[in-house]
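As structure tokens, the structure follows; a few thoughts come after it.
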Amino acid sequence: MKNDSTQSHKEAILTAGLTKRFAEVLAVDSLDLRVRPGEIYGFLGRNGAGKTTTIRMLLGLIRPTRGRVELFGKDVGTERASAVAASGSLVESSTFYPSLTVTENLEIQRRLTGSTHSDLKEAVALLGLGDLVRRRAGRLSLGNKQRLALARALLHRPRLLILDEPSNGLDPAGIVEIRKLLRRLADENGVTVFISSHILGEIRQLADRIGIIHRGKLIEELDMRKADIGSTVRWEARVSEPSRAAVLLREKAPGYQITSEGDGALVISSNTHDKAMVDSGLISRVLVGGGFELRALIPEEEDLEKRFLRLTGGES
Ligand code: ATP
Numbered sequence: 200m201k202n203d204s205t206q207s208h209k210e211a212i213l214t215a216g217l218t219k220r221f222a223e224v225l226a227v228d229s230l231d232l233r234v235r236p237g238e239i240y241g242f243l244g245r246n247g248a249g250k251t252t253t254i255r256m257l258l259g260l261i262r263p264t265r266g267r268v269e270l271f272g273k274d275v276g277t278e279r280a281s282a283v284a285a286s287g288s289l290v291e292s293s294t295f296y297p298s299l300t301v302t303e304n305l306e307i308q309r310r311l312t313g314s315t316h317s318d319l320k321e322a323v324a325l326l327g328l329g330d331l332v333r334r335r336a337g338r339l340s341l342g343n344k345q346r347l348a349l350a351r352a353l354l355h356r357p358r359l360l361i362l363d364e365p366s367n368g369l370d371p372a373g374i375v376e377i378r379k380l381l382r383r384l385a386d387e388n389g390v391t392v393f394i395s396s397h398i399l400g401e402i403r404q405l406a407d408r409i410g411i412i413h414r415g416k417l418i419e420e421l422d423m424r425k426a427d428i429g430s431t432v433r434w435e436a437r438v439s440e441p442s443r444a445a446v447l448l449r450e451k452a453p454g455y456q457i458t459s460e461g462d463g464a465l466v467i468s469s470n471t472h473d474k475a476m477v478d479s480g481l482i483s484r485v486l487v488g489g490g491f492e493l494r495a496l497i498p499e500e501e502d503l504e505k506r507f508l509r510l511t512g513g514e515s
């Protein structure tokens, strides 16, 4: 599983203006993603946010309405076969031949990808499928089916793994095991991992970077390797006419993220994660100067969980 040094300067995944519309649903909206070789990128979003649609476009399984995808510098739209050859994937509904055994299912993939017998053995060992090799795929538990799907994805030693909610059906021990495996593949083999999930807790322990997708848009990217990512400071302003106040703040205090909580409060947070303090003096001057009644301006720590919920919670 060596990286091709001539390609190593290229992004493992690059999307530019990637968009998919299904009739009236804008499932993915102008997505610009850059995933670097060797990193684990967590693609986080609530149900229906657009994760699966994005992944299908990354793999060339559906055509974008607009925009393009490159994998290691190769355009998926114009040279799909060679672009996707370096990747292994696990998308939502993995299908197997139910009456064939685990080994037989993997053997089919081995031949399709021109992999060796030792590749097959290694994939079986990596996923702990040794005791199940003679079990029919149709008889496997959901968790073991996921393991088989991962073994199949890894069989040809891809440089890039694209996984759509791979923890589905796994018990907590299975989730930890898969997390360790992915970490090892990234650290020891330089494999790039793009993994989607709707569960922050699952992704935060694994990913080097997290991209949050909401209603088809990438609304935030977080670098988990930065020490101060854990929490950011936000201010809650209790103010008259919060919607109008938000408009004024967006104009007069650019660089801050302003959301209204619905109960008359505005949340003002810094777009950076370096704990840059929000300039509360400026906030109060703008609000009071604009004729609003400022009842309170309260600082609070916001952890990642709260932040994710706020950003994807449906507020404007
Ligand atoms: P989940 O975690 O629930 O799978 P997701 O983030 O993967 O969600 P998508 O499956 O990509 O989200 O769906 C994004 C939006 O696009 C949703 O509103 C969904 O209903 C819509 N959508 C997806 N596929 C189609 C399709 N083939 N036809 C019409 N609408 C679709």
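Quick note on numbering: the sequence shown equals residues 200 to 515 in my numbering. Don't be surprised by glycine CBs; every beta carbon is placed ideally from N, CA and C.
Rounded C-alpha distance that separates residue i from residue j
| i | j | result |
| --- | --- | --- |
| K505 | I497 | 16 angstroms |
| F295 | R233 | 32 angstroms |
| T300 | G327 | 15 angstroms |
| R334 | R408 | 37 angstroms |
| L213 | L225 | 20 angstroms |
| I261 | R255 | 6 angstroms |
| E387 | K320 | 19 angstroms |
| V323 | L289 | 16 angstroms |
| I411 | G237 | 20 angstroms |
| T302 | V332 | 5 angstroms |
| P357 | G480 | 53 angstroms |
| E420 | A280 | 30 angstroms |
Residue i: CB within 7 angstroms of a non-hydrogen atom of ligand 2
| i | result |
| --- | --- |
| E306 | For the structure depicted, ligand 2 is absent and the ligand set comprises only ligand 1. |
Simplified DSSP assignment, three categories, for residue i
| i | result |
| --- | --- |
| G244 | coil |
| F491 | coil |
| E450 | helix |
| G415 | coil |
| T391 | strand |
| P357 | coil |
| D478 | coil |
| T294 | coil |
| I212 | strand |
| I374 | helix |
| S229 | strand |
| S442 | helix |
| D386 | helix |
| S314 | coil |
| G517 | Lying outside 200 to 515, the shown extent of the chain, residue 517 is not represented and no answer is given. |
Cβ-Cβ distance between residue i and residue j below 8 angstroms
| i | j | result |
| --- | --- | --- |
| S229 | G249 | no |
| L359 | T312 | no |
| Q404 | R378 | yes |
| G272 | K209 | yes |
| L349 | L339 | no |
| S366 | E401 | yes |
| A464 | E435 | yes |
| F242 | I394 | yes |
| L448 | I418 | no |
| L305 | L354 | yes |
| A445 | F491 | no |
| V438 | R383 | no |
DSSP bridge partner residues for residue i (one or two, in chain order)
| i | result |
| --- | --- |
| T300 | R335 |
| G287 | L360 |
| K273 | L270 |
| T264 | DSSP, once it has assigned bridges, lists no residue as partnering T264. |
| I457 | I467 |
**Prompt:** In chain order, what residues have a CB nearer than 6 angstroms to some heavy atom of ligand 1?
**Reply:** F221, V224, A226, G244, N246, G247, A248, G249, K250, T251, T252 and H397
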